[in-house]
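Shown next, in structure tokens, is the structure this report addresses.
Number of protein chains: 2
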Amino acid sequence: MSDLLERLRERGWRLTAQRRVVAEVLDGDHVHLTADEVHARAIERLPEISRATVYNTLGEMVTIGEVIEVATDGRAKRYDPNAHRPHQHLVCFRCGTVRDVHPHGDPLAALPPAERFGFTVSAAEVTYRGLCPDCS
Amino acid sequence: MSDLLERLRERGWRLTAQRRVVAEVLDGDHVHLTADEVHARAIERLPEISRATVYNTLGEMVTIGEVIEVATDGRAKRYDPNAHRPHQHLVCFRCGTVRDVHPHGDPLAALPPAERFGFTVSAAEVTYRGLCPDCS
DNA sequence: TCTTGACTTAGACAAAGTCCAGGGTACGAT
DNA sequence: ATCGTACCCTGGACTTTGTCTAAGTCAAGA
Ligand SMILES: [Mn+2]
Ligand SMILES: [Mn+2]
Ligand SMILES: [Zn+2]
Ligand SMILES: [Zn+2]
Chain A
983 MSDLLERLRE
993 RGWRLTAQRR
1003 VVAEVLDGDH
1013 VHLTADEVHA
1023 RAIERLPEIS
1033 RATVYNTLGE
1043 MVTIGEVIEV
1053 ATDGRAKRYD
1063 PNAHRPHQHL
1073 VCFRCGTVRD
1083 VHPHGDPLAA
1093 LPPAERFGFT
1103 VSAAEVTYRG
1113 LCPDCS
Chain B
983 MSDLLERLRE
993 RGWRLTAQRR
1003 VVAEVLDGDH
1013 VHLTADEVHA
1023 RAIERLPEIS
1033 RATVYNTLGE
1043 MVTIGEVIEV
1053 ATDGRAKRYD
1063 PNAHRPHQHL
1073 VCFRCGTVRD
1083 VHPHGDPLAA
1093 LPPAERFGFT
1103 VSAAEVTYRG
1113 LCPDCS
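Chains as they are written, first to last, in my numbering: chain A, 983 to 1118; chain B, 983 to 1118.
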């Protein structure tokens, strides 16, 4: 059983076929699927799984911090199982491919106190954009 | 007449009451309104202006580079008239307020070649997040 | 003033996501 | 092993955000 499902169970959550399949679909590196893409792949393994359940399960995984929501464009949110190693994203202008990247240093450090307007700033998300090798 | 409308006209575009009102609504600093917020404020000045025209006009302004689209959450895009001075955004977790901020250095410089996966990287968008003074 | 192509409008449509009532099931208790 | 039930899943209605189109209107040059 995956880490993810084990953690869900430790929280007292029922282990269902649907949750198992969603967790399996999200396995791997550089995975940044939309909810509908997750649904499409889940259906291949469990044809009767509903869209609502995919949304619910993804939402639960985000709540417990095992999956991250990524909004790289103005379209559908993407769901990223790489929740334990902080990282940023590199997105192709043309095809939309998303890679995990690890910039130097802490991006927060670049924002001087005078530019914080009294906010308690605690996070920085960086989206790098460019053309991928296939699209060049 | 605003710069913005002057530029529109230089491009051979007709100067209509609707375009004038949308440009007026977007005037100011730290303005990051959604299309529906622009529409609501435009209606106060020109009650018959349609949603479609607001979307069309905002899209045109983005095309000519006088307005920037900002996606700070997974919700509606925001429209930002501060298109000439490069900047990033600081967003309140709780109330969603958006401020323009100017971090030190070039955010692109933090991404080493080995982390570029063969992409031609040309832009970086940073969203800083925290609690604003009112929400603390 | 007249003409005309560009602009605007209302409403249909689409994509992404939320919510609900009713039926189904995982799992602790027996 | 079976039961009971609290929690989960489903289909579909609904909401939000955005796009598109056909028909009417009008800004601006002739
Ligand atoms: Mn990622
Ligand atoms: Mn801005
Ligand atoms: Zn590409
Ligand atoms: Zn706030």
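Ideal Cβ positions, reconstructed from N, Cα and C, are used throughout, including at glycine.
| said: Could you check whether the region 1086 to 1098 of chain B touches the region 1041 to 1060 of chain B, counting it as contact only if at least three pairs of C-beta atoms, one from each stretch, sit closer than 8 Å? | reply: no
| Using the rule of at least 16 other Cβ atoms within 10 Å of the residue's Cβ for burial, across every protein chain shown, is A1106/A buried or exposed? | Looking up residue 1106/A in the first sequence gives position 124. Under this definition A1106/A is a buried residue.
| query | Taking just the CA atoms, how far does L1113/B sit from V1103/A? | reply | Residue 1103/A sits at position 121 when you count from the first residue of the first sequence. Residue 1113/B sits at position 131 when you count from the first residue of the second sequence. The C-alpha of V1103/A lies about 7 Å from the C-alpha of L1113/B.
| said: Please tell me whether A1086/B has its Cβ less than 8 Å away from any Cβ of chain A. | reply: For the purposes of this step, residue 1086/B is taken as the residue at position 104 of the second sequence. First, the residue type needs correcting, since residue 1086/B is His and not Ala in the sequence shown. Yes, contact with chain A.
| field | Residues whose Cβ lies closer than 5 Å to any heavy atom of ligand 2, in chain order | value | D1062/B, N1064/B, D1082/B
| message | Across the region 1051 to 1058 of chain B and the region 1014 to 1025 of chain B, are there enough close Cβ pairs to call them in contact, namely three or more that are closer than 8 Å? | response | yes
| Could you give the distance in angstroms between the alpha-carbon of F1099/A and the alpha-carbon of V1020/B? | To locate residue 1099/A, count along the first sequence from 1; it is residue 117. To locate residue 1020/B, count along the second sequence from 1; it is residue 38. Rounded to the nearest angstrom, the two C-alpha atoms are 25 Å apart.
| query | Would you call the region 987 to 995 of chain B and the region 1083 to 1091 of chain A touching, i.e. three or more CB-CB distances under 8 Å? | reply | Segments in contact, no.
| In angstroms, rounded to a whole number, what distance separates the CA positions of R1001/B and V1052/B? | Along the second sequence, one-based indexing puts residue 1001/B at 19. Along the second sequence, one-based indexing puts residue 1052/B at 70. Cα to Cα, R1001/B sits roughly 20 Å from V1052/B.
| Does C1114/A come within less than 8 Å of chain B when only Cβ atoms are used? | Working through the first sequence from its first residue, we reach residue 1114/A at position 132. At least one chain B Cβ lies under 8 Å of C1114/A.
| Do R1027/B and V1049/B come within 8 Å of each other at the CB atom, strictly closer than that value? | Along the second sequence, read from residue 1 onward, the residue named residue 1049/B stands at position 67. Along the second sequence, read from residue 1 onward, the residue named residue 1027/B stands at position 45. In this structure, R1027/B does not lie closer than 8 Å to V1049/B by Cβ.
| In whole angstroms, what is the alpha-carbon distance linking H1071/A and R1111/A? | Your numbering for residue 1071/A matches position 89 in the first sequence. Your numbering for residue 1111/A matches position 129 in the first sequence. Approximately 8 Å between the Cα atoms of the pair.
| said: By alpha-carbon positions, which one of T998/A, E992/A, G994/A ends up nearest to T1035/A? | reply: Within the first sequence, the letter at position 53 stands for residue 1035/A. Comparing Cα positions, the closest option is T998/A.
| query | Going by beta carbon distance, what residues of the same chain come within less than 6 Å of R1081/A, once the five residues before and after it are set aside? | reply | As a first step, residue 1081/A is located in the first sequence; it is residue number 99 there, counting from the start. Hits under 6 Å: H1012, L1072.
| Contact check, R975/B vs C1117/B, beta carbons under 8 Å | The displayed coordinates of chain B run from 983 to 1118. Any statement about residue 975/B would go beyond what the structure contains.
| message | Going by DSSP in three states, V1083/A sits in which element: helix, strand or coil? | response | The residue given as residue 1083/A occupies position 101 in the first sequence. DSSP places V1083/A in strand when its eight states are reduced to three.
| query | chain A beta carbons: is any one of them nearer than 8 Å to that of R1111/B? | reply | Counting from one through the second sequence, the residue named residue 1111/B turns up at place 129. Interface residue, yes.
| field | Interface partners of A1034/B on chain A, CB under 9 Å | value | By 1-based counting over the second sequence, the position of residue 1034/B is 52. Going along chain A, no residue has its Cβ under 9 Å from A1034/B, so there is no contact; the nearest lies around 18 Å.
| task | Within its chain, find whatever has a CB closer than 8 Å to the CB of H1069/A; leave out the 5 residues flanking it on each side and keep chain order. | result | Start at 1 with the first residue of the first sequence, and residue 1069/A comes out as number 87. D1082, V1083, H1084.
| field | Neighbour list for R1081/A in chain B, Cβ cutoff strictly below 8 Å | value | Here residue 1081/A refers to the residue found at position 99 of the first sequence. Within chain B, the residues near R1081/A are F1099, F1101.
| query | What number of angstroms, rounded off, separates the C-alpha of E1030/B from the C-alpha of G1041/A? | reply | Here residue 1030/B corresponds to residue number 48 of the second sequence, with the count starting at 1. Here residue 1041/A corresponds to residue number 59 of the first sequence, with the count starting at 1. Between the alpha carbons of E1030/B and G1041/A lies a distance of about 40 Å.
| request: Would you list, in chain order, the members of the region 992 to 1020 of chain A that have their beta-carbon closer than 8 Å to a beta-carbon of chain B? | output: none
| said: For F1101/A, which residues in the same chain have their Cβ closer than 7 Å to its Cβ, ignoring the five residues on either side in sequence? | reply: Against the first sequence, residue 1101/A aligns to sequence position 119. So the list is empty, once near-sequence residues are dropped.
| Applying the criterion that 16 or more other CB atoms from any shown protein chain within 10 Å of the CB defines a buried residue, is P1063/A buried or exposed? | By 1-based counting over the first sequence, the position of residue 1063/A is 81. It is buried - the Cβ of P1063/A has at least 16 other Cβ atoms within 10 Å.
| task | Reducing DSSP to helix, strand and coil, say where C1114/B ends up. | result | Counted from its first residue, the second sequence places residue 1114/B at position 132. If DSSP states are grouped into helix, strand and coil, C1114/B belongs with coil.
| said: Whole angstroms are fine: how far does the CA of A1022/A sit from the CA of L1008/A? | reply: Within the first sequence, residue 1008/A is the residue found at index 26, counting from 1. Within the first sequence, residue 1022/A is the residue found at index 40, counting from 1. Looking at the two C-alpha atoms, the distance is approximately 12 Å.
| field | Proximity test, Cβ basis, 8 Å: Y1037/A and chain B | value | As a working mapping, residue 1037/A is identified with position 55 in the first sequence. Chain B, which has no Cβ nearer than 8 Å to the Cβ of Y1037/A, makes this no.
| field | Delimiting residues of the alpha helix (DSSP H) encompassing E1019/B | value | Here residue 1019/B refers to the residue found at position 37 when the second sequence is read from its first residue. Segment 1017 to 1027, the alpha helix (DSSP H) holding E1019/B.
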